[in-house]
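Colleague: Chains as they are written, first to last, in my numbering: chain F, 1 to 266; chain R, 1001 to 1273.
1. Please report whether the beta-carbon of residue 1055/R lies at a distance below 8 Å from any beta-carbon of chain F.
2. So residue 1139/R contacts chain F; which residues on that side make the cut at Cβ distance below 8 Å?
3. Taking one C-beta from the stretch 235-244 of chain F and one from the stretch 63-71 of chain F each time, how about it: are there three or more such pairs within less than 8 Å?
4. Any C-beta of chain R within less than 8 Å: which residues of the stretch 84-115 of chain F qualify?
5. Under 8 Å, CB to CB, which of the residues in the stretch 1079-1093 of chain R have a partner in chain F?
6. Residues in the same chain with beta-carbon distance under 7 Å from residue 149/F, minus the five sequence neighbours each way, listed in chain order, please.
7. Classify residue 1073/R: buried if its beta carbon has 16 or more other beta carbons within 10 angstroms, exposed otherwise.
8. One question on the structure: do residue 1066/R and residue 1119/R come within less than 8 Å of each other, judged by their Cβ atoms?
9. Helix, strand or coil, according to DSSP, for residue 1157/R in the structure here?
10. Output the distance between the C-alpha atoms of residue 159/F and residue 110/F, rounded to the nearest integer angstrom.
11. Reducing DSSP to helix, strand and coil, say where residue 105/F ends up.
12. Please name the residues in the stretch 5-29 of chain F whose beta-carbon is closer than 8 Å to at least one beta-carbon of chain R, in chain order.
13. Just how far apart, CA to CA, sit residue 1237/R and residue 1035/R?
14. Going by other Cβ atoms of all chains shown within 10 Å of its Cβ, with 16 needed for buried, is residue 1005/R buried or exposed?
15. Is any beta-carbon of chain F found at less than 8 Å from that of residue 1213/R?
16. For residue 1029/R, tell me which candidate among 1154/R, 1082/R, 1121/R, 1139/R has the shortest Cα-Cα distance.
17. Going by C-alpha to C-alpha distance, which of 8/F, 23/F, 87/F, 50/F sits closest to residue 114/F?
18. Mind checking which residues open and close the alpha helix (DSSP H) that includes residue 1291/R?
19. Please look up how many angstroms separate the CB atoms of residue 1208/R and residue 1175/R, rounded, as I've assumed it's under 8 Å.
20. State the beta-bridge partners of residue 1207/R as determined by DSSP.
21. Here's the rule I'm using: 16 or more other beta-carbon atoms within 10 Å means buried, otherwise exposed. How should residue 247/F be labelled?
22. Quick one: what's got a C-beta closer than 7 Å to residue 206/F's C-beta in the same chain, skipping five residues either side?
23. Using a C-beta cutoff of 8 Å, does residue 1051/R count as contacting chain F?
24. Specify, as a first and last residue, the run of the alpha helix (DSSP H) that residue 1071/R falls within.
25. Starting from residue 246/F and walking both ways along the alpha helix (DSSP H), at which residues does that stretch end?
26. Please classify residue 1029/R: does DSSP put it in a helix, a strand, or coil?
27. Return the chain-ordered list of same chain residues with a C-beta closer than 8 Å to the C-beta of residue 1075/R, the five sequence neighbours on each side being excluded.
28. Can the beta-carbon of residue 275/F be found closer than 8 Å to that of residue 209/F?
29. From the DSSP output, in three-state form, read off residue 1246/R for me.
30. Could you tell me whether the stretch 130-145 of chain F touches the stretch 92-102 of chain F, using the rule of 3 or more Cβ pairs below 8 Å?
31. Indicate the three-state DSSP secondary structure (helix, strand or coil) for residue 171/F in the structure shown.
32. Which runs of the beta strand (DSSP E) at least 3 residues long sit entirely within the stretch 146-209 of chain F? Give them in chain order.
33. Thinking just about the alpha-carbon of each residue, which of 260/F, 224/F, 261/F, 136/F is nearest to the one in residue 250/F?
34. Taking Cβ to Cβ, would you say residue 1045/R is nearer than 8 Å to residue 1205/R?
35. Nearest-angstrom Cα distance between residue 1033/R and residue 228/F?
36. May I ask you to report which of helix, strand or coil DSSP gives residue 142/F?
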């Protein structure tokens, strides 16, 4: 089964040899299942001059309960791109792992990376495969952002793609947010985003936007100073992906909280 | 009615072995050896696009000589198996030994069941925490596996090359020394009247599994970095091949995160990730 000339796509290979490992291929009993599993919430993405910033809060909710305080929803998809997940946590994490393997697999088989648009299209088709489960309440919607190595204009190399449960991708200009707090995060970004931000300013802006989301959305967690749990912030630039260390995010988050002590509206 | 001539199983196996050996001996050779910083692959290869040396998984590399379509088929099979196991279990559960066993089964089955054996010789290498922990497996056309002691040569006149390697190779060598030993060994065969040849940098395919790296450790060494190593400058390579952007030249302290291996990235002594 491994030696067929076959395909460069790992999901296509899986659909042939181990279809039960694809999230969309499992039969679901009828009925709504939305309250069955924890939900991951808000993710924001901001395009900066040198690349792109993706940040997510740490809360997962189950109905009115907080299911987890320190869930990680923002991950590197490969060396130059990032993916954040909102929606049903278990399926989201499974899809994200599969997407990571998909990109790495293609790169190893073909000896070259997929283009950024190719990666986004691949992710869209994987989301589309989950449509049946999404219609029963187990929806997963990712936010994909990356540094486009083929971009003609280096200032536009940081690109953001959003999706819906039926697939996509939809390229976004400047910034975007997904998840339950996205409405408030996007409103904050609308007023504060400027073209040509540095990555450093964009990371601060991302944490500010997450703070605004947490301010008005119960499912989004703000910076937890007592437990030292801060948002996950990642960047993708020409040097690759980078996850800000806990110390770096702590500094930014404490700065944001201190600012809100003076002016709660930001 | 046409009469089939009887051929004994021994005769059939001998013929197949001879066919495979001749096919392998026609090709250019490859050398794999461990050095202080990891595992080094050096292959003589006129093509810069059709690789003899490639990445299978985080700490596992693959080198082959012989017929390209046949070993490329095995390489793809290896990548698929490694990725499937890594997704089903964990990235740490993908091992060189399991891959070597799978290749051995495949090659053995092809050798006995099909009319033509694969004309290939393969090395599966896994980089360990120290040079003593490196694993090099040699797989031949009939499915036999050998665990090699830190160095090996494959292809035409492999024995002569192995002889040179044996006398010059030490597991505590630096990358520069290791590349020079490998190239020197490769160039001792195939020259006019038994004299050593000179192999140009553009005829060499060089890659390493870097012991210090977390996540995906495979990296190609090409261009100016390779020339510098061949010229004996001990400066570490700074530029990677542009077509393998999976290994960005990250600044020190920045984790070159490979997808899905975050669990491997907080080892003691590694920068905070």
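All residues carry an ideal CB built from backbone N, CA and C; glycine is no exception. Source: prediction; values computed, not measured.
Modeller: If we stick to the structure as given:
1. Chain F, which has a Cβ nearer than 8 Å to the Cβ of residue 1055/R, makes this yes.
2. Listed along the chain, the chain F residues whose CB falls inside 8 Å of the CB of residue 1139/R amount to none; the nearest CB is some 14 Å away.
3. Contact between the stretch 235-244 of chain F and the stretch 63-71 of chain F is not established, with fewer than three Cβ pairs separated by less than 8 Å.
4. Of all residues in the stretch 84-115 of chain F, only 97, 98, 100, 101, 103, 104, 105, 107, 108, 109, 111, 112, 113 come within less than 8 Å of chain R when Cβ atoms are compared, listed by chain position.
5. Cβ proximity to chain F below 8 Å picks out 1079, 1080, 1081, 1083, 1084, 1086, 1087, 1088 from the stretch 1079-1093 of chain R.
6. For residue 149/F, where only same-chain residues beyond five positions count, the Cβ hits under 7 Å are 80.
7. The residue in question, residue 1073/R, is buried, as its Cβ has 16 or more Cβ neighbours within 10 Å.
8. In this structure, residue 1119/R lies closer than 8 Å to residue 1066/R by Cβ.
9. Three-state result, residue 1157/R: coil.
10. C-alpha separation (whole angstroms): 24 Å.
11. Helix.
12. Those residues of the stretch 5-29 of chain F placed with their C-beta closer than 8 Å to a C-beta in chain R are 5, 6, 10, 13, 14, 17, 18, 21, ordered along the chain.
13. Legend: pLDDT at residue 1237/R = 46, less than 50; position of this residue unreliable, value from coordinates given subsequently. In a straight line, the C-alpha of residue 1237/R is about 15 Å away from that of residue 1035/R.
14. Answer is exposed; the Cβ neighbour count stays below 16.
15. No, no contact with chain F.
16. Answer by Cα proximity: 1154/R.
17. When each option's Cα is compared against that of residue 114/F, the closest is 8/F.
18. In this structure chain R extends from 1001 to 1273, so residue 1291/R is not present and cannot be described.
19. Yes, they are in contact, since the Cβ atoms of residue 1208/R and residue 1175/R sit about 7 Å apart, within 8 Å.
20. According to DSSP, residue 1207/R bridges with 1041/R, 1220/R.
21. An exposed status is given to residue 247/F, since fewer than 16 other beta-carbon atoms sit within 10 Å of its beta-carbon.
22. Excluding positions up to five away in sequence, the list reads 44, 46, 53, 55, 233.
23. Flagged as an interface residue toward chain F: residue 1051/R, by a C-beta distance shorter than 8 Å.
24. Residues 1068-1088.
25. Its alpha helix (DSSP H) spans residues 246-262.
26. Looking at residue 1029/R - three-state DSSP - the assignment turns out to be coil, as it is neither helix nor strand.
27. Excluding residues within five positions, the ones whose Cβ falls inside 8 Å are 1054, 1056, 1062, 1064.
28. Since the first residue shown for chain F is 1 and the last is 266, residue 275/F is missing from the structure and cannot be characterised.
29. In this prediction, residue 1246/R has a pLDDT of 41, which is less than 50 and means its spatial position is unreliable; what the coordinates show is noted afterwards. Correct three-state label for residue 1246/R: coil.
30. Yes, the stretch 130-145 of chain F is in contact with the stretch 92-102 of chain F.
31. Reduced to three states, the DSSP call for residue 171/F is strand.
32. Listed in chain order, the complete beta strand (DSSP E) runs (minimum 3 residues) inside the stretch 146-209 of chain F are 158-164, 167-172, 175-178.
33. Closest option to residue 250/F, Cα to Cα, is 224/F.
34. Yes.
35. Spanning the two alpha carbons is a distance of roughly 46 Å.
36. DSSP, reduced to helix, strand and coil, places residue 142/F within a strand of the structure shown.
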